[in-house]
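Student: Pasting a structure below so you can have a look.
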Amino acid sequence: MIHGLHHVNYSIIIFWRFIKLSLRFGKILAYLQFVETSLSLLKSAYLTSKNCYAVGEWLTLS
Numbered sequence: 022m023i024h025g026l027h028h029v030n031y032s033i034i035i036f037w038r039f040i041k042l043s044l045r046f047g048k049i050l051a052y053l054q055f056v057e058t059s060l061s062l063l064k065s066a067y068l069t070s071k072n073c074y075a076v077g078e079w080l081t082l083s
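One point on numbering: in the working numbering, the residue at position 16 of the sequence shown is 37, and numbering is uninterrupted.
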């Protein structure tokens, strides 16, 4: 009986560690996704402003 309880306790500990690890991993993944999104937003903003500048330049030259 005690041996069985010990086994259950042990699996709960392993499960809890697994949850904690996956949460940490999830935070890292979420952070990476955030960085990636920010970079793509910056890139598109940069390209948009570059295009606007090019169009403006083209309009003033023509």
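Using N, Cα and C, we set each Cβ at its ideal position, and we do this for glycine too.
Do you know how far the Cα of residue 29 is from the Cα of residue 36?
Tutor: Each residue's Cα considered, the two are about 10 angstroms apart.
Student: Mapping the DSSP letters down to three states, classify residue 83 as helix, strand or coil.
Tutor: Looking at residue 83 - three-state DSSP - the assignment turns out to be coil, as it is neither helix nor strand.
Student: Whose C-beta lies closer than 6 angstroms to the C-beta of residue 61 among residues of the same chain, with five residues either side of it excluded?
Tutor: There are no such residues.
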